[in-house]
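Protein chains in written order, with the numbering used here: chain A, 25 to 349; chain B, 25 to 349.
Note that CB positions come from ideal geometry on N, CA and C, so glycine has one too.
A quick write-up on the structure given underneath.
Structure representation (structure tokens):
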């Protein structure tokens with residue numbers, strides 16, 4: 025085990041990210057390849073195996089250098105059997121046996137985990153979590169995702185559906201429809217898509233004016249980043265929209281914290297690039313909704329690993345397994 | 025270890041409950057004594073030690089029969105040092121060193137835990153949880169308490185404040201004041217106190233009539249049990265109040281389940297004696313607010329250990345420590 029590496033893999037619909045990582049969590053090398061999801065994704069695991077084997081050769085090493093492969097994949101997972109239950113973006117049919125397929129191709133131990141959970145584990149191990157045993161990660165992107173770590177390990181839940189933070193109901197009555205079939209989910213007001221929707225509603229109000237309205241007039245569209253940028257420079261419509269998103273994030277996260285009292289809540293994903301500004305907005309509302317001792321002990325902070333969190337968390341799976349066997 | 029017992033203790037403001045429990049979770053004997061909280065509670069640990077020692081003698085055993093003492097206590101705990109941070113009902117001054125005091129008096133290993141957490145552990149081990157590794161217990165009494173079990177162990181959080189389910193904000197704007205200093209907490213609408221408050225509001229509305237109104241006219245007061253009993257027999261005011269409590273319980277618990285996807289959510293405490301009726305009301309709302317795969321996999325159920333859950337969970341602390349050392 026000493027001196028060995030782990031291959032961490034973050035399998036996405038467009039790109040597959042890789043890293044060789046030491047048992048101390050240091051990245052030896054990282055790289056990425058396009059994900060070939062043609063022909064029902066039949067080349068995906070072949071390409072992963074070839075890419076790892078090629079990179080090992082480049083280091084003058086063979087597969088004994090690796091303690092195993094950890095892989096984060098989008099979608100719900102049958103952990104007992106190492107199967108991806110269903111995937112929208114990878115081309116695979118439902119119930120793809122990812123673990124068995126990759127083990128067969130590489131003759132190495134393989135562990136799989138949901139990609140949002142991998143990102144949370146990465147932040148716990150080497151990122152903003154800094155070893156915290158109780159951690160909540162919230163990913164603000166096209167949707168809102170999450171990863172929950174309690175007692176030093178990921179919480180998967182009985183059906184692997186833990187961490188669905190984006191589908192916490194924050195507007196119980198009269199909320200907007202969500203892709204999940206419910207209404208009023210956090211995702212409908214705090215994802216990039218949700219923030220743009222709120223902004224478009226605000227811009228449609230009679231008399232809406234200012235920097236965001238001007239940008240929309242010129243470009244014909246706006247992004248969540250535009251909303252935060254304009255809010256930072258004082259645009260009133262944007263401030264109102266950003267505060268609406270922050271209110272619902274603050275409410276949902278305070279209620280999670282009232283339940284779990286994590287050491288840290290870590291913000292990642294595209295929307296979180298508005299960084300400290302977003303956190304300060306969310307914190308105002310979080311403080312109002314959090315129980316006193318939770319408010320005083322749970323910290324809000326930005327993710328620090330950016331897009332390496334997934335490969336590092338995937339590698340942690342193998343390291344953790346070795347340490348506990 | 026084989027054949028040894030554990031003493032489980034559930035320390036309350038009025039009564040201290042005890043049980044000798046086998047390593048398989050079977051109760052050998054259970055008993056209780058009044059809690060003597062006079063003189064800043066100086067007799068409390070003495071009485072616990074004497075009571076255990078006396079009962080052992082009654083069985084013709086000495087202290088070697090016990091693997092240790094697990095004790096559940098009200099209030100927040102400094103787990104590292106075995107200290108009760110503050111207590112309202114026991115007479116102790118802040119920072120009482122419960123673990124050290126009881127270890128000194130008994131010369132046995134002692135572990136302490138928050139009492140709501142003990143009840144959750146008891147239900148996990150021998151009750152409705154039936155060994156579930158992911159479990160949420162909600163206690164509906166004068167207040168609303170909770171215990172969260174993830175990956176087979178209690179979640180305490182960074183400051184021991186995890187499980188404050190009663191202080192989840194369910195009415196973000198215009199909610200009633202809570203004892204905790206916030207407004208709109210679950211406890212303000214779903215505890216026995218909260219349900220009576222909602223009922224009194226409903227009875228004050230012009231034209232309020234029916235069975236509950238009649239009971240109030242005759243007795244001069246009503247209880248949460250009256251509300252559920254009258255709702256069951258069709259009283260409209262009571263049905264409205266019960267449904268209001270169930271709505272907010274369903275919302276809060278669905279959002280917890282969206283985060284943790286526990287195998288079971290277990291209802292305990294006085295209000296839960298309305299049993300299946302309460303669960304069916306809550307489930308209607310839970311189903312509306314839960315993410316599809318959570319709705320299909322997380323079950324709502326009644327606690328099964330009643331008031332033994334605390335002593336059994338307290339005993340589990342010692343059993344678990346022995347197994348993991």
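Quiz item: Taking Cβ to Cβ, would you say residue 153 of chain B is nearer than 8 Å to residue 163 of chain B?
Solution: no
Quiz item: Mind pulling the beta strand (DSSP E) runs of 3 or more residues that sit fully within the segment 165-238 of chain B?
Solution: 168-174
Quiz item: Grouping DSSP H, G and I as helix and E and B as strand, with all else coil, what is residue 310 of chain A?
Solution: helix
Exercise. Identify the contact partners of residue 42 of chain A in chain B, using a Cβ-Cβ distance below 9 Å as the criterion.
Key: None at all; the shortest Cβ gap to chain B is about 28 Å.
Exercise. Have a look at residue 257 of chain B and residue 249 of chain B and give me their C-alpha separation to the nearest angstrom.
Key: 12 Å
Quiz item: When the Cα of residue 209 of chain A is compared with those of B:50, B:279, B:94, which residue comes out closest?
Solution: B:279
Quiz prompt | Listed by chain order, chain B residues near residue 158 of chain A by CB distance under 9 Å | solution = 179, 180, 181, 182, 186
Practice problem: Quick one: list the residues of chain B neighbouring residue 321 of chain A, beta-carbon separation under 8 Å, in chain order. | Solution: 181, 182, 183, 185
Quiz item: In chain B, which residues lie with their C-beta within 7 Å of the C-beta of residue 155 of chain A?
Solution: Correct list: empty, because the minimum Cβ distance to chain B is about 12 Å.
Quiz item: Mind pulling the chain A residues with CB within less than 9 Å of residue 69 of chain B?
Solution: Chain A residues near residue 69 of chain B: none, gap ~25 Å exceeds 9 Å.
Exercise. Output the distance between the C-alpha atoms of residue 50 of chain A and residue 101 of chain A, rounded to the nearest integer angstrom.
Key: 27 Å
Self-check item: Simplified DSSP assignment, three categories, for residue 61 of chain B
Solution: coil
Quiz item: Can you give the Cα-Cα distance for residue 302 of chain A and residue 252 of chain A, rounded to whole angstroms?
Solution: 8 Å
Quiz item: Relative to the alpha-carbon of residue 64 of chain A, which residue among A:195, A:35, A:113, A:315 has its alpha-carbon at the smallest distance?
Solution: A:113
Practice problem: Could you tell me whether any Cβ in chain A is nearer than 8 Å to the Cβ of residue 313 of chain B? | Solution: yes
Quiz prompt | Residues, ordered as in the chain, of the segment 197-208 of chain A that lie near chain B by beta-carbon distance below 8 Å | solution = 204, 205, 206
Practice problem: Give me the Cα-Cα distance between residue 165 of chain B and residue 283 of chain B, rounded to the nearest whole angstrom. | Solution: 24 Å
Quiz item: Does the segment 308-319 of chain A touch the segment 117-133 of chain A, meaning 3 or more C-beta pairs lie closer than 8 Å?
Solution: no
Practice problem: Could you tell me the boundaries of the beta strand (DSSP E) in which residue 44 of chain B lies? | Solution: 39-46
Quiz item: Between the Cα of residue 42 of chain B and the Cα atoms of B:77, B:237, B:239, which residue gives the shortest distance?
Solution: B:77
Quiz item: From residue 30 of chain B to residue 324 of chain A, what does the alpha carbon distance come to, in whole angstroms?
Solution: 41 Å
Quiz item: Exposed or buried, which one is residue 83 of chain A when buried takes at least 16 other CB atoms within 10 Å?
Solution: exposed
Quiz item: Can you list, in chain order, the stretches of the beta strand (DSSP E) that have 3 or more residues and sit fully within the segment 69-133 of chain A?
Solution: 90-97
Quiz item: For residue 292 of chain B, which beta-bridge partners are listed by DSSP?
Solution: B:163
Quiz prompt | Residue closest to residue 79 of chain B, alpha-carbon to alpha-carbon, out of B:98, B:61, B:57 | solution = B:57
Quiz prompt | Any 3 or more C-beta pairs closer than 8 Å across the segment 139-155 of chain B and the segment 104-113 of chain B | solution = no
Quiz item: Taking Cβ-Cβ distances below 9 Å as the criterion, which residues of the segment 276-289 of chain A are in contact with chain B?
Solution: 276, 278, 279, 280, 281, 282, 283, 284, 285, 286, 287, 288
Quiz prompt | Unbroken beta strand (DSSP E) run spanning residue 34 of chain B, endpoints | solution = 29-35
Quiz item: Taking 8 Å as the CB-CB cut-off, is residue 174 of chain A touching chain B?
Solution: yes
Quiz item: Is it buried or exposed for residue 34 of chain B, if we count other Cβ within 10 angstroms and need 16 for buried?
Solution: buried
Self-check item: CB contact check: residue 317 of chain A to chain B, cutoff 8 Å
Solution: yes
Quiz item: Within 7 Å: the Cβ of residue 236 of chain B and any heavy atom of the ligand ADP?
Solution: In the structure on display, the ligand ADP does not appear, and there are no ligands present to speak of.
Self-check item: residue 323 of chain A: first and last residue of the uninterrupted beta strand (DSSP E) it sits in
Solution: 323-326
Self-check item: Short CB-CB distance (under 8 Å) between residue 191 of chain B and chain A
Solution: yes
Quiz item: For residue 329 of chain A, which of helix, strand or coil comes out of DSSP?
Solution: coil
Quiz item: When you compare each of A:243, A:116, A:273, A:172 to residue 314 of chain A by their alpha carbons, which one comes out closest?
Solution: A:273
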